[in-house]
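Shown next, in C-alpha cells, is the structure this report addresses.
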Amino acid sequence: MASPEDVGTRKLAAIMFTDIRDFSKKMGVDEIAAMELLKVHDSLIREVVSKYGGTIIKSLGDSFMVDFTSAVNAVKCATEAQERFWQHNQDKSDFEKIEIRIGIHLGDVITVGHDIYGDGVNIAARIEAITEPTRICVSADIYNQVKNKLSLRAYSIGSIELKNITEPVEVFELLIDTIPELSVPSQSAQQAPSKRKAEAISKKEEEEAKQVEEVKQKVDEQKLREESDKQERARVHFVRAEEFFQAGDLEKAEAEIREVYNIVDVHYDAQMLLLRVEEERTRKEEDDRRRRVIEERKRKEEERKQRIQDCIQRAMQYVEEDQFAEAAAAVKDVYRLDPNNAEAKQLEEQIRLAEQAKAELERLQGIEEQEKALQEQQRLEQQEAEGALARAKAALVEAQRAAAETPRSRRAVYAAIAVGTVAAIAVVTLLITHVTSKPASFVIPTFSATSSQDAYIATALSAFVAEELGRDERMIVISPSSARTIDLQKADLQNIGSAFDVSYALTGSVQTSAQKVVLSVRLTDIGAQETRWESRLESDLIGMNDLAGKLSTQIHIALEMEAPPERPRRSTSNTEAYDLFLQGRHLVQSSTTAIEEGLVLLHQAVELDSTFGLAYTAIGQAELELYERGGERDRAHLNNALAAARASLSFDRNSAAAYGLLTRVYRHMQQFDNAWQAVSNSLVLQPISAESYRQSALLSLIDGDPETAAADAAFALRLDPRHYDSHVVQGIIQLYTRQYEAALQSFNVATSLGAEDSLLTVNYKFKAWTALDQDNLIIQYCQKLADRADDRTKVALQYWIGRGYQLSGKIESLPALNRGIEISERVVAQNPNDAVSLAYYALLQARRGRNPELATRAI
Numbered sequence: 035m036a037s038p039e040d041v042g043t044r045k046l047a048a049i050m051f052t053d054i055r056d057f058s059k060k061m062g063v064d065e066i067a068a069m070e071l072l073k074v075h076d077s078l079i080r081e082v083v084s085k086y087g088g089t090i091i092k093s094l095g096d097s098f099m100v101d102f103t104s105a106v107n108a109v110k111c112a113t114e115a116q117e118r119f120w121q122h123n124q125d126k127s128d129f130e131k132i133e134i135r136i137g138i139h140l141g142d143v144i145t146v147g148h149d150i151y152g153d154g155v156n157i158a159a160r161i162e163a164i165t166e167p168t169r170i171c172v173s174a175d176i177y178n179q180v181k182n183k184l185s186l187r188a189y190s191i192g193s194i195e196l197k198n199i200t201e202p203v204e205v206f207e208l209l210i211d212t213i214p215e216l217s218v219p220s221q222s223a224q225q226a227p228s229k230r231k232a233e234a235i236s237k238k239e240e241e242e243a244k245q246v247e248e249v250k251q252k253v254d255e256q257k258l259r260e261e262s263d264k265q266e267r268a269r270v271h272f273v274r275a276e277e278f279f280q281a282g283d284l285e286k287a288e289a290e291i292r293e294v295y296n297i298v299d300v301h302y303d304a305q306m307l308l309l310r311v312e313e314e315r316t317r318k319e320e321d322d323r324r325r326r327v328i329e330e331r332k333r334k335e336e337e338r339k340q341r342i343q344d345c346i347q348r349a350m351q352y353v354e355e356d357q358f359a360e361a362a363a364a365v366k367d368v369y370r371l372d373p374n375n376a377e378a379k380q381l382e383e384q385i386r387l388a389e390q391a392k393a394e395l396e397r398l399q400g401i402e403e404q405e406k407a408l409q410e411q412q413r414l415e416q417q418e419a420e421g422a423l424a425r426a427k428a429a430l431v432e433a434q435r436a437a438a439e440t441p442r443s444r445r446a447v448y449a450a451i452a453v454g455t456v457a458a459i460a461v462v463t464l465l466i467t468h469v470t471s472k473p474a475s476f477v478i479p480t481f482s483a484t485s486s487q488d489a490y491i492a493t494a495l496s497a498f499v500a501e502e503l504g505r506d507e508r509m510i511v512i513s514p515s516s517a518r519t520i521d522l523q524k525a526d527l528q529n530i531g532s533a534f535d536v537s538y539a540l541t542g543s544v545q546t547s548a549q550k551v552v553l554s555v556r557l558t559d560i561g562a563q564e565t566r567w568e569s570r571l572e573s574d575l576i577g578m579n580d581l582a583g584k585l586s587t588q589i590h591i592a593l594e595m596e597a598p599p600e601r602p603r604r605s606t607s608n609t610e611a612y613d614l615f616l617q618g619r620h621l622v623q624s625s626t627t628a629i630e631e632g633l634v635l636l637h638q639a640v641e642l643d644s645t646f647g648l649a650y651t652a653i654g655q656a657e658l659e660l661y662e663r664g665g666e667r668d669r670a671h672l673n674n675a676l677a678a679a680r681a682s683l684s685f686d687r688n689s690a691a692a693y694g695l696l697t698r699v700y701r702h703m704q705q706f707d708n709a710w711q712a713v714s715n716s717l718v719l720q721p722i723s724a725e726s727y728r729q730s731a732l733l734s735l736i737d738g739d740p741e742t743a744a745a746d747a748a749f750a751l752r753l754d755p756r757h758y759d760s761h762v763v764q765g766i767i768q769l770y771t772r773q774y775e776a777a778l779q780s781f782n783v784a785t786s787l788g789a790e791d792s793l794l795t796v797n798y799k800f801k802a803w804t805a806l807d808q809d810n811l812i813i814q815y816c817q818k819l820a821d822r823a824d825d826r827t828k829v830a831l832q833y834w835i836g837r838g839y840q841l842s843g844k845i846e847s848l849p850a851l852n853r854g855i856e857i858s859e860r861v862v863a864q865n866p867n868d869a870v871s872l873a874y875y876a877l878l879q880a881r882r883g884r885n886p887e888l889a890t891r892a893i
C-alpha cells in the first residue's frame, strides 16, 4: 500500500491542537451536563477558527486539529480562544468551567483528501499534550515567525524530548497580558526540566478522547429512541389537528398543532396545516372586517344624512322666523358634511331670495308710512282750507248784510282749493327655479414644441390647460398622458374623434424667446371639420399658469359656455426657480434614473423659492413614484412624499394636484379616512381628474363598494384611456369581483402601455392565474423576470416558482425552494432588518418543511 507521502501533497502549515481539561471526569459525573459544555466549547472553537481563516481537519471527542496557512493567524486564534474561555469561566463552578490546552507547531505536512499527516502534525499534538490548562504552547518555529509581528511575550520552557520525535523541540509558553493570571509563566513551565517525556500524558488524553466518543455514541442511540417516540406522539396530535380543521374548529386544530411542536421542533405536515389554519382564519377575519367596514360606513353615512337633515330643518325653521343669519350658518354646517348637497344649495338660494324679499317689504312698508304721513298732512291742510272757506263765506254773508245797510261798494271774493292724494302698495312674489346646464363638451388638448429644447414647456402647458378646463364639470377633458400618445398635427382628426369620443381638438405650437412663451393655438370642431377659434397668446415664462387660465376662459367663450369663476393662483416670481420646476417636472414622468435627476432640479427650485407650492407637489409625486417602482419597500420615499404634499398645501390650499398626491400617500399609509377627505377636496377643486377618480375607485373597493369603484374606474378610463394606471385599477376591481379573464386582459393592456414589468406590478396577475389554476404561467413569468432581478427580488421569485411547482405536485419544487433559501440567507445576512426578505425566507422554509418556529414568527 502506498504511504501518504507517496500520494499526498506537501505544504508548510501551522497546525493547532486543542483539548479540554478533565473532560472524561466530568462525563463520569454528569453526562448530559458535560455534553452541554462540549456544545459550548465546540461552538466557540469553530467561531474563532472561522474568524482567523483556519480549517478544522478533524475533531475527536473534546479535541480539535486545525490547519492554518499563517502562523500569525494561528496564534491570534489561540489567544482569542483562551480569552473567550477565561471570560466564560468567570463566576462558574469547577464543573462548569471549560479550560483548554492549545499547542501549535509550524512544519512540513502532507495533505491527503481532507486529512493531513507528517511530523508537523505529531509535534503539534505532543506540544498540546504537555501544555497546562488555560495555556498556549508553541514551537520555536512558530515563535520565530510571530515574535516581530505581534505584541506578545513568551516564556522559554526549553528543549523538550517528545514521544516518537527524533530531535528535541524547543517550546515557548505564550503569556496573555489581558488576563492577570496568564500574564506570568505557569508553575509547571517554570519547573519543567528540559527534554522531559510526554508519553504518559499523550496516552491519557487518547484514552479520554476514546471515552468521550463512546459516551457520545450512547447518547446518540438514546436520542434516536427518544426521537422515534416523539414522532409517533406528534403524529397522533397531527391527525387530531386535521380532523378539527376539517370540522372547522380552527382553535382546537391550532391547539393540537402546538402540541405537535411541544413534542418536535420540525414537522412539515404540521407547518403546512398551520399555514392553512392561518389562511382560513385570515379569510374569516377579512370577511368580518369588510362586513364591519361596510356596516360602519353605512352607519356613518346614515349619521351624516341625519345630521344634514337636522341642519336643513333647523335652517328652514330659522327662515320661517326670519332669522336669516342663523339659517345661513346652518346651511354652512350642511356644506361641511356634504360640499355638493343639492338641497342645501336650493335652501341657500331660498334664504337669499327671502332676505331680498324682507328688505323689499321693509322698503315698501317705509314708503307706506311716508304716504300715510303725507295723507295726514293733506287731511289737515284740507281741514284748514275748509275752515278758511267757511270763514270766508261767513265774512261774505256779513259783508252782504253790511252792504244792505251801507252804500254800494266794491266787493272782494275769496276762493280756496283742496288737494287729493293717491297711495300705491307693492306685493313681492318669491320663485325658485332650477337651471339646466348645457351638454358637456368633450375636448382633447395637446401642444407641441417648435424646438426639442422647448418640449418640457409644451408638455407642462398641456397639463396646465387640462387642469384649468377640468375645473368645469361640464367639460370632459382627455388627460394629457393619453393625448400625447398621438400627434394631432399629423393624425386624422375624424379618427381621433371616434377613438377618444371627443367633439373638439385643442392643438397648438409653443416656442420660447428671451423668457417669453408664445402659443399659437387652434380649437377645431372635429365633426364639422372646421376651426371654431384660433389665436396667438404670449406670456412670461413664470406666467404660464395664468396663460392656461386665460386660454380656458377663451375656449369657454368660443363654445358659448359660462367659464368657472377665477381662482387665485400661487406660483413664483423667480424665473430660474420656475424653469427648474418645469424641467424637473418633465423628467420625473420618465425612467427611474430620470426621476432622480428631476428631483435634484426640483429641490434646487425650492431652494431658490421656499414657498413654491407647485415644485413641492412635483417633488412629492416623484418620491411616491420611486416608492411604488421600488416595490413599496422604502418608506422614506413615502414619508418624503407626505411632507412635500403638506408643504405644497401650506402655500396653496387651492391645489387639486397636491390633494391628489395626498390621497395616494394616505392610501399607501392605510389612513383611508384621510384619503377620502383629500380626494374629495381634489374633486371639488378639479371635478374632471382621471387620477382622482382612479384613487376614488380604489378607496371605494377598500370600503367594500365594488359598484361605485367600477363606476369611478370606468370614468377614469374615459378620461385617460392610454395611461396604464387606468387599466391596472380596472383590473384590480375585476380581480376582486372574480372577473379573472377580464382582469388578466386589463393587466396585459397596462403592461403594453408601459406599466413596469416587475414582480410588484404582476402580483395581481398571479392572483388571477392562481384563481384560474394556471400556476404554470406564474412559473414561466417568474423565470423570465429572474434573469434581470436583484437578489432581494429573486427571493420572492424563487418562492413563487417553488410554490407553483409544489401546488402542481412536481419534484422541481425542492431545488427551487432550496435556491430561494440560499439567496434569502445571503440577503438577510447582509441586512438582518430586511423584513420583506426575512418573511419570504420564513415562507420558503415553511414550504420546504423546515424551521416552523421561524416561519410562524415571521408570518
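First residue of the sequence shown? That's 35 in this note's numbering, and the numbers climb one at a time after it. Every residue, glycine too, gets a C-beta built ideally from N, C-alpha and C. On a predicted model such as this, the values are computed, not experimentally measured, just so you know.
Exercise for the section: Determine the direct distance from the alpha carbon of A691 to that of E329, and round the result to whole angstroms. Expected result: By 1-based counting over the sequence shown, the position of residue 329 is 295. By 1-based counting over the sequence shown, the position of residue 691 is 657. Between the alpha carbons of E329 and A691 lies a gap of roughly 32 Å.
Practice task
Helix, strand or coil for G141, going by three-state DSSP, please let me know.
Solution key: Position 107 of the sequence shown, counted from the first residue, corresponds to residue 141. Residue state for G141 is assigned as strand, using DSSP reduced to three classes.
Exercise for the section: Going by CA-CA distance only, name the one from L309, R315, H620 that's closest to G282. Expected result: To locate residue 282, count along the sequence shown from 1; it is residue 248. Nearest neighbour of G282 by Cα position, chosen from L309, R315, H620, turns out to be R315.
Handout entry: Local conformation of T200 per DSSP, three classes
Key = Here residue 200 refers to the residue found at position 166 of the sequence shown. The answer is coil: DSSP assigns T200 none of H, G, I, E or B.
Exercise for the section: Evaluate contact between the stretch 650 to 670 and the stretch 696 to 706, counting only Cβ atoms and requiring at least three cross-stretch pairs below 8 Å. Expected result: Output reads yes: the stretch 696 to 706 touches the stretch 650 to 670.
Practice task
With hydrogens ignored, establish whether the beta-carbon of P866 is closer than 6 Å to any heavy atom of the ligand HEM.
Solution key: Ligands are entirely absent from the displayed structure, and the ligand HEM is therefore not among its contents.
Practice task
Could you tell me which residues DSSP pairs with Q545 in its beta bridges?
Solution key: Here residue 545 is taken as the residue at index 511 of the sequence shown, counted from 1. Paired residue(s): V552.
Exercise for the section: Evaluate the contact criterion for the stretch 322 to 342 versus the stretch 279 to 298: three or more CB pairs, one atom per stretch, below 8 Å. Expected result: In short, these stretches do not touch, since the Cβ pair count stays below three.
Problem - F51 versus N156: straight-line alpha-carbon distance, rounded - result: For the purposes of this step, residue 51 is identified with residue 17 of the sequence shown, where counting begins at 1. For the purposes of this step, residue 156 is identified with residue 122 of the sequence shown, where counting begins at 1. Straight-line spacing of the CA atoms in F51 and N156 works out to 10 Å.
Exercise for the section: Count the other CB atoms, across all protein chains shown, that sit within 10 Å of the CB of E162; report buried if there are 16 or more and exposed otherwise. Expected result: By 1-based counting over the sequence shown, the position of residue 162 is 128. Its Cβ being crowded by 16 or more others within 10 Å, E162 is buried.
Exercise for the section: Classify H148 as buried or exposed, calling it buried when 16 or more other Cβ atoms lie within 10 Å of its own Cβ. Expected result: Here residue 148 is taken as the residue at index 114 of the sequence shown, counted from 1. H148 should be labelled exposed.
Practice task
Compare the C-alpha of V634 against each of L621, F646, I346 and name the closest.
Solution key: Within the sequence shown, residue 634 is the residue found at index 600, counting from 1. Per the C-alpha coordinates, the member of L621, F646, I346 positioned closest to V634 is L621.
Handout entry: N- and C-terminal bounds of the beta strand (DSSP E) containing G154
Key = Within the sequence shown, the letter at position 120 stands for residue 154. Taken as a continuous stretch (DSSP letters only), G154 belongs to no beta strand (DSSP E), being part of the alpha helix (DSSP H) at 153 to 163.
Practice task
Would you kindly check if the distance between the Cβ of G854 and the Cβ of V870 is under 7 Å?
Solution key: The count along the sequence shown starts at 1 and reaches residue 870 at position 836. The count along the sequence shown starts at 1 and reaches residue 854 at position 820. Result no, Cβ atoms of V870 and G854 do not sit closer than 7 Å.
Practice task
Determine the contact status of S222 and V203, defining contact as a CB-CB distance below 7 Å.
Solution key: Taking the first residue of the sequence shown as 1, we reach residue 222 at position 188. Taking the first residue of the sequence shown as 1, we reach residue 203 at position 169. No; because the gap between Cβ atoms is not below 7 Å, this pair is not in contact.
Problem - Separation of N579 from L557, as counted between CA atoms - result: Along the sequence shown, one-based indexing puts residue 557 at 523. Along the sequence shown, one-based indexing puts residue 579 at 545. Cα atoms of L557 and N579: separation of roughly 19 Å, rounded to the nearest angstrom.
Handout entry: Buried or exposed by the 16-neighbour rule on C-beta atoms within 10 Å, applied to Y302
Key = Here residue 302 refers to the residue found at position 268 of the sequence shown. Y302 is exposed by the Cβ-count criterion.
Handout entry: Proximal residues to F706 (C-beta, below 8 Å), its chain only, five neighbours per side dropped
Key = The residue labelled residue 706 in the question sits at position 672 within the sequence shown. Counting only residues of its own chain and dropping the five nearest sequence neighbours on each side, F706 has a CB closer than 8 Å to the CB of Y700, L733, I736, D737.
Problem - N688 vs D643 beta-carbon contact at 7 Å - result: On the sequence shown, residue 688 is found 654 positions in, with the first residue counted as 1. On the sequence shown, residue 643 is found 609 positions in, with the first residue counted as 1. Contact: no.
Practice task
Look up V100 in the DSSP assignment and give the residues it is bridged to.
Solution key: Here residue 100 refers to the residue found at position 66 of the sequence shown. Paired residues: M50, I90.
Exercise for the section: Would you decide whether D746 is buried or exposed? Buried here means 16 or more other CB atoms lie within 10 Å of its CB. Expected result: Taking the sequence shown and counting its residues from 1, one reaches residue 746 at position 712. By the 16-neighbour rule on beta-carbons within 10 angstroms, D746 is buried.
Practice task
Could you tell me whether the stretch 569 to 576 touches the stretch 508 to 515, using the rule of 3 or more Cβ pairs below 8 Å?
Solution key: Verdict: no, contact absent.
Exercise for the section: Note down the Cα distance separating S496 from D754, rounded to an integer number of angstroms. Expected result: Within the sequence shown, numbered from 1, the residue matching residue 496 stands at position 462. Within the sequence shown, numbered from 1, the residue matching residue 754 stands at position 720. Each residue's alpha carbon lies about 14 Å from the other.
Problem - V544 beta carbon less than 7 Å from that of F481 - result: The residue given as residue 481 occupies position 447 in the sequence shown. The residue given as residue 544 occupies position 510 in the sequence shown. Cβ distance < 7 Å, so F481 and V544 count as in contact.
Exercise for the section: Could you tell me the distance, in whole angstroms, from the CA atom of L751 to the CA atom of A731? Expected result: By one-based count along the sequence shown, residue 751 stands at place 717. By one-based count along the sequence shown, residue 731 stands at place 697. The straight-line gap from Cα to Cα measures roughly 11 Å.
Handout entry: Paired residues, beta bridge with C171 - DSSP
Key = Sequence index remark: in the sequence shown, residue 171 carries index 137 (1-based). In the DSSP assignment, the residues bridged to C171 are G137, E207.
Handout entry: Simplified DSSP state of V783, which is helix, strand or coil
Key = Looking up residue 783 in the sequence shown gives position 749. Three-state result, V783: helix.
Exercise for the section: Give me the Cα-Cα distance between D344 and R837, rounded to the nearest whole angstrom. Expected result: Stepping through the sequence shown from its first residue, residue 344 is reached at position 310. Stepping through the sequence shown from its first residue, residue 837 is reached at position 803. Counting only the Cα atoms, R837 lies some 57 Å from D344.
Handout entry: Opposing strand residues paired with R570 [DSSP bridges]
Key = Your numbering for residue 570 matches position 536 in the sequence shown. Note: R570 sits in a beta bridge opposite S554.
Practice task
Return the residue from the list I90, E288, L309 that minimises the CA-CA distance to G883.
Solution key: The sequence position of residue 883 within the sequence shown is 849, counting from 1. When only C-alpha atoms are compared, the closest one is L309.
Practice task
Indicate whether L581 and Y490 have their beta-carbon atoms separated by less than 7 Å.
Solution key: One-based indexing of the sequence shown puts residue 581 at position 547. One-based indexing of the sequence shown puts residue 490 at position 456. Here L581 is not near Y490, since their CB atoms are 7 Å or more apart.
Problem - Y798 versus V783 - alpha carbon distance - result: In the sequence shown, residue 798 corresponds to position 764, counting from 1. In the sequence shown, residue 783 corresponds to position 749, counting from 1. Between Y798 and V783, the C-alpha separation is close to 13 Å.
Practice task
Label L414 either buried or exposed according to how many other C-beta atoms from any shown protein chain fall within 10 Å of its C-beta, with 16 as the threshold for buried.
Solution key: The residue labelled residue 414 in the question sits at position 380 within the sequence shown. L414 comes out exposed.
Handout entry: Proximal residues to E114 (C-beta, below 7 Å), its chain only, five neighbours per side dropped
Key = Numbered from 1 along the sequence shown, position 80 holds the residue referred to as residue 114. The beta carbon of E114 is closer than 7 Å to those of V82 in its chain, skipping five residues each way along the sequence.
Handout entry: Terminal residues of the beta strand (DSSP E) in which E298 lies
Key = Within the sequence shown, the letter at position 264 stands for residue 298. What sits at residue 298 in the sequence shown is Val, not Glu. Note, V298: premise wrong, no beta strand (DSSP E); not H, not E.
Exercise for the section: Identify the continuous alpha helix (DSSP H) that holds V106 and give its terminal residues. Expected result: Locating residue 106 in the sequence shown gives position 72, where the first residue counts as 1. 105 to 123 is the extent of the alpha helix (DSSP H) around V106.
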